[in-house]
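*Asks:* Dumping the structure here so I can ask a few things about it.
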Amino acid sequence: MTEEARKNHWEHIYKTKALTEVSWYEPIPKTSLETFKSFQIPKTAKIIDVGGGDSFLADSLLKQGYQNITVLDISQAAILRAQQRLGPLSQKINWIVSDITAFKPKETYDFWHDRAAFHFLNTKTDIEKYIKTAHHSLSEQGLLSIGTFSENGPKKCSGINITPYSEISLVEQFAPLFSKMSCSTYTHITPFNTKQEFTFCNFKKNK
Ligand SMILES: C[S@@+](CC[C@H](N)C(=O)[O-])C[C@H]1O[C@@H](n2cnc3c(N)ncnc32)[C@H](O)[C@@H]1O
Numbered sequence: 370m371t372e373e374a375r376k377n378h379w380e381h382i383y384k385t386k387a388l389t390e391v392s393w394y395e396p397i398p399k400t401s402l403e404t405f406k407s408f409q410i411p412k413t414a415k416i417i418d419v420g421g422g423d424s425f426l427a428d429s430l431l432k433q434g435y436q437n438i439t440v441l442d443i444s445q446a447a448i449l450r451a452q453q454r455l456g457p458l459s460q461k462i463n464w465i466v467s468d469i470t471a472f473k474p475k476e477t478y479d480f481w482h483d484r485a486a487f488h489f490l491n492t493k494t495d496i497e498k499y500i501k502t503a504h505h506s507l508s509e510q511g512l513l514s515i516g517t518f519s520e521n522g523p524k525k526c527s528g529i530n531i532t533p534y535s536e537i538s539l540v541e542q543f544a545p546l547f548s549k550m551s552c553s554t555y556t557h558i559t560p561f562n563t564k565q566e567f568t569f570c571n572f573k574k575n576k
């Protein structure tokens, strides 16, 4: 899929589907919040949620007192929706509209979070760009948390082919630039009462 086709696809999704009409809707991002807790991510950490869309992670992190949150998404419409929902609180967040494969970070981050965006990259070139950008953008002690559909999960999301990962294949994909700290599997229940199995892995950056 070209960058332009990707952009058009996601703008269309966010302009035509309501918050609860998308399979990834998750009012409480439990697994992601548990990661923040288990790694004791400081409230001052610079966090980026890649492909954050209009997810509730930013809302939850603001409530917990996180002070430096960036949400990046390819879709302007997704970001506008999140901003409207948050109202004045949205000013506490840095918003970036960009395709992650073209992202040129202007600062470093301490924590890179991605739930269900990385798995849309299906070519070696795009995957390599993503991993290099994540490596380059993270501070020395930076952590990376990636959630993808597992090998037992769906093969498509929002009508697009995804690349599923097991714990082993996700760890292999991010080596040697990142090393595994922990992985888990969880089942997301969609608003349509269907199940989607995810692989979530947390990594530290290697030099
Ligand atoms: C399945 S949704 C997940 C949204 C959010 N992370 C969540 O968990 O609710 C995938 C998101 O990734 C964004 N996305 C897809 N491809 C992207 C890319 N190449 N660069 C940046 N964002 C992308 C989409 O616009 C969408 O918001």
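When we follow the numbering used here, the leftmost residue of the sequence shown carries the number 370, and every step to the right adds one.
Don't be surprised by glycine CBs; every beta carbon is placed ideally from N, CA and C.
1) Go ahead and pull the three-state DSSP assignment for I500.
2) Nearest-angstrom Cα distance between K473 and I465?
3) Can you list, in chain order, the residues of its chain with a C-beta nearer than 6 Å to that of A451? Leave out the 5 residues immediately preceding and following it.
4) When you compare each of W393, A485, R454, I443 to W379 by their alpha carbons, which one comes out closest?
5) Please give the ranges of any alpha helix (DSSP H) in the segment 536 to 576, keeping only runs that are unbroken, at least 4 residues long and fully inside the region.
6) Buried or exposed, going by whether 16 or more other CB atoms sit within 10 Å of the CB of I515?
7) Figure out for me which residue from K498, H482, L455 has the closest Cα to the Cα of D468.
8) Taking the beta strand (DSSP E) that L490 belongs to, which residues open and close that run?
9) Could you please go through the chain and list the residues whose beta-carbon is closer than 5 Å to any non-hydrogen atom of ligand 1?
10) If you draw a straight line from the alpha carbon of W517 to that of G420, how long is it in whole angstroms?
11) On the DSSP letters alone, give me the boundaries of the alpha helix (DSSP H) that S578 sits inside.
12) Taking 8 Å as the cut-off, decide whether the C-beta atoms of C552 and E536 are in contact.
13) What whole-angstrom Cβ distance do I416 and H482 have, given they're in contact under 8 Å?
14) Pick from H557, F543, N562: whose alpha carbon is nearest that of F572?
15) Nearest-angstrom Cα distance between L458 and I558?
16) Below 7 Å CB to CB, which residues in the same chain sit around N603 once its five sequence neighbours on both sides are set aside?
17) Tell me which residues share the same chain as L402 and place their Cβ nearer than 7 Å to its Cβ, disregarding the 5 neighbours each side in the sequence.
18) For the segment 384 to 424, list the alpha helix (DSSP H) runs that are entirely contained and at least 4 residues long, ordered along the chain.
19) Identify the continuous alpha helix (DSSP H) that holds L441 and give its terminal residues.
*Replies:* On the basis of the data shown:
1) Here residue 500 is taken as the residue at index 131 of the sequence shown, counted from 1. Helix, per DSSP.
2) Counting from 1 along the sequence shown, the entry for residue 473 is found at position 104. Counting from 1 along the sequence shown, the entry for residue 465 is found at position 96. Between K473 and I465, the C-alpha separation is close to 11 Å.
3) As a position in the sequence shown, residue 451 is number 82, starting the count at 1. Excluding sequence neighbours, A451 sits near D423.
4) Locating residue 379 in the sequence shown gives position 10, counting from the first residue. Among W393, A485, R454, I443, the Cα nearest to that of W379 belongs to I443.
5) 536 to 543
6) Start at 1 with the first residue of the sequence shown, and residue 515 comes out as number 146. Buried: at least 16 other Cβ atoms inside 10 Å.
7) In the sequence shown, residue 468 corresponds to position 99, counting from 1. Taking only the C-alpha atoms, the option nearest D468 is K498.
8) As a first step, residue 490 must be located in the sequence shown, where it is residue number 121. Careful: L490 lies outside any beta strand (DSSP E) and carries neither H nor E.
9) W379, W393, G420, G422, S424, D442, I443, S444, A447, D468, I469, R484, A485, A486, F489
10) As a working note, residue 517 is residue 148 in the sequence shown. As a working note, residue 420 is residue 51 in the sequence shown. At residue 517 the sequence reads Thr, which differs from the Trp that was named. Spanning the two alpha carbons is a distance of roughly 12 Å.
11) One cannot answer for residue 578 here, as it falls past the ends of the chain, which runs 370 to 576.
12) Here the question's residue 552 lines up with position 183 in the sequence shown. Here the question's residue 536 lines up with position 167 in the sequence shown. Yes, the pair counts as a contact, with Cβ atoms nearer than the cut-off.
13) Here residue 416 corresponds to residue number 47 of the sequence shown, with the count starting at 1. Here residue 482 corresponds to residue number 113 of the sequence shown, with the count starting at 1. The Cβ separation is near 7 Å, so the contact holds.
14) Against the sequence shown, residue 572 aligns to sequence position 203. If we check each option's Cα against that of F572, F543 comes out closest.
15) As a first step, residue 458 must be located in the sequence shown, where it is residue number 89. As a first step, residue 558 must be located in the sequence shown, where it is residue number 189. One C-alpha to the other measures close to 28 Å.
16) What is shown of the chain runs 370 to 576, which leaves residue 603 out entirely.
17) Here residue 402 refers to the residue found at position 33 of the sequence shown. Taken in chain order, the residues that qualify are S429.
18) 399 to 407
19) Here residue 441 refers to the residue found at position 72 of the sequence shown. That residue, L441, is in no alpha helix (DSSP H); its beta strand (DSSP E) goes 437 to 442.
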